[in-house]
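**Q** Just so we're aligned, residue 1 is where the sequence shown starts under full-length UniProt numbering, counting upward by one.
There's a structure below that I have some questions on.
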Amino acid sequence: MSKNTLKVFKALANRTRIKILKKLVDDEELSCQELMKHFPLSQPTLSHHFGKLIEGGILRVKKDGVSHYYSVNKTYLAGLGVDIEKITKL
1 MSKNTLKVFK
11 ALANRTRIKI
21 LKKLVDDEEL
31 SCQELMKHFP
41 LSQPTLSHHF
51 GKLIEGGILR
61 VKKDGVSHYY
71 SVNKTYLAGL
81 GVDIEKITKL
């Protein structure tokens, strides 16, 4: 098992991160500010979770000025055999 694959499964082993992914699977792409409205977490805590999901290749980030937009990298996850839609519906 590669280090990248291990990072994916470690990132997915967290309830908050799964909730973040569920919101993104439902809405396709959201800004950091929009996501913060849905979670009772501080900005640094949410950034920590985003960092773990990005490090694992699970999230893609698009920067537009000072805003960051996040989306789920479904193609990468599918290549690992991960059906993120099923995981987030549990």
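For each residue, glycine too, the CB sits at the ideal point set by N, CA and C.
Give me, in chain order, the residues of the same chain whose beta-carbon lies closer than 7 Å to that of Leu90; leave out the 5 immediate sequence neighbours on both sides.
**A** The answer is none, since no qualifying residue turns up.
**Q** Can you find the residues in the same chain that come closer than 8 Å, C-beta to C-beta, to Glu55, ignoring five residues on each side of it along the sequence?
**A** If we look at Glu55 and ignore the five residues flanking it on each side, its Cβ neighbours are Lys7, Ala11.
**Q** Considering only the beta carbon of each residue, do Val25 and Val82 sit closer than 8 Å?
**A** Result no, Cβ atoms of Val25 and Val82 do not sit closer than 8 Å.
**Q** Quick check for students: name the residue ranges of the beta strand (DSSP E) that lie wholly in the UniProt domain "HTH arsR-type" (1-90), counting only runs of 3 or more.
**A** Qualifying beta strand (DSSP E) stretches, in chain order: 29-31, 59-64, 67-72.
**Q** Between Ile20 and Leu35, what straight-line distance do the alpha-carbon atoms span, to the nearest angstrom?
**A** Cα to Cα, Ile20 sits roughly 8 Å from Leu35.
**Q** Leaving aside the five residues before and after Asn50 along the sequence, list all residues of the same chain whose C-beta is less than 7 Å from its C-beta, in chain order.
**A** Here the sequence assigns Phe to residue 50, which means Asn is not the residue at that position. Excluding positions up to five away in sequence, the list reads Leu59, Tyr70.
**Q** Looking at C-alpha atoms only, which residue of Leu41, Lys22, Phe39, Cys32 is the closest neighbour of Lys63?
**A** It is Cys32.
**Q** Using CA coordinates, which residue listed in Thr45, Lys3, His38, Leu53 is at the minimum distance from Ile84?
**A** Cα-wise, what sits closest to Ile84 is Leu53.
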